[in-house]
Each structure stands twice: as C-alpha cells, then as structure tokens.
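Some notes on the structure that comes next.
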Amino acid sequence: MSDNDLATKVDLTDVDDVEAMVRNIAKMICAEQPDMPEPESLRDLDSFSVVQVLLEVENTTNRKLLEKFEDFTEGEEFRDLAEFIVKIVAEVDAEEAAKAEGNGQPAAEENGQAKTGS
C-alpha cells in the first residue's frame, strides 16, 4: 500500500483509523528489517524503528507532527500513539484556524462580497 493509499483512507480525527495506520506502518517498517518480528505494540520496536514510524506517519498524513512527538510519553500500545496523534492534529488544526481568523480571513470574505456588489 502506498503512502497516498494510507493517507486517503485515514480519518485523522478517528482513533481507530489512526491506530490501524500506525500499526500498518510499523509492520511495514519491521518487514523491511532483517530479524525484526512483526510488532504487536510499540514495546516491540527499537528506538530507531519508532523514529521511522513517526517519520512515516508524518509523510503519510502530509502533516508536520514530528516536533510534537517529543511530548509523547504516555503509553506503549499503538492505540496510545494513535490517541496522541488525534490530539495533536486537533490542536494543530485549532491553532491554524485561529491564525486564519486572526490574519484577516473574514476580511477576505468581505472583499469577496464587495467584489460581487460592485
């Protein structure tokens, strides 16, 4: 499955979808490494593989999330990481929405209305 296939099927607000994505990425990464068994949880991954999973999550979702992962300390299961990703995405989306509002988003609408009224 390509990155685009994973990304188009994942709802980043749905923990179950994100968990499936993380699990599939971890399996894919471990399959590429010799002598690495299929992971059942994050505990089964070495630190290098965890970083690879996080980078692939970022690539797959086309979201800049890596810097936020340094705060991830709660959990050892794929679901724990999925819950954290959903939380990060919600926070980032809220920050971006607030910035858009603060940077004249309503002004753009007003300009659009002014153009149609001219």
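To convert, note that position 65 of the sequence shown is 65 in full-length UniProt numbering; the numbers rise steadily by one, no gaps.
No residue lacks a Cβ here, since even glycine has one placed at the ideal position from N, Cα and C.
*Using the Cα positions of residue 136 and ASN62, report the straight-line distance between them to the nearest angstrom.*
Residue 136 cannot be examined here, being either before or after the span of the chain that is shown, 1 to 118.
*Could you say if the segment 36-46 and the segment 72-80 meet the contact criterion of at least three C-beta pairs nearer than 8 Å?*
At 8 Å Cβ cutoff, the stretches touch.
*If I'm right that ALA26 touches VAL53 with Cβ under 8 Å, what's the distance once you round it to whole angstroms?*
A Cβ-Cβ separation of about 5 Å places ALA26 in contact with VAL53 under the 8 Å criterion.
*asked:* Out of ASN59, THR60 and LYS87, which one is the CA nearest neighbour of PHE72?
replied: Per the C-alpha coordinates, the member of ASN59, THR60 and LYS87 positioned closest to PHE72 is LYS87.
*So, helix, strand or coil for LEU12, using DSSP?*
In the structure shown, LEU12 sits in coil (DSSP, three-state: anything other than H, G, I, E or B).
*Taking Cβ to Cβ, would you say ILE85 is nearer than 8 Å to LEU66?*
No, these two residues do not count as a Cβ contact at 8 Å.
*If we call anything under 8 Å between Cβ atoms a contact, is PHE60 one with MET28?*
Inspection of the sequence shows that residue 60 is occupied by Thr rather than by Phe. No, these two residues do not count as a Cβ contact at 8 Å.
*Hey, how far is the Cα of PRO34 from the Cα of LYS99?*
Cα to Cα, the separation comes out at about 46 Å.
*Does the beta-carbon of GLU101 have 16 or more other beta-carbons within 10 angstroms, so that it is buried, or is it exposed?*
With fewer than 16 Cβ atoms within 10 Å of its Cβ, GLU101 is classed as exposed.
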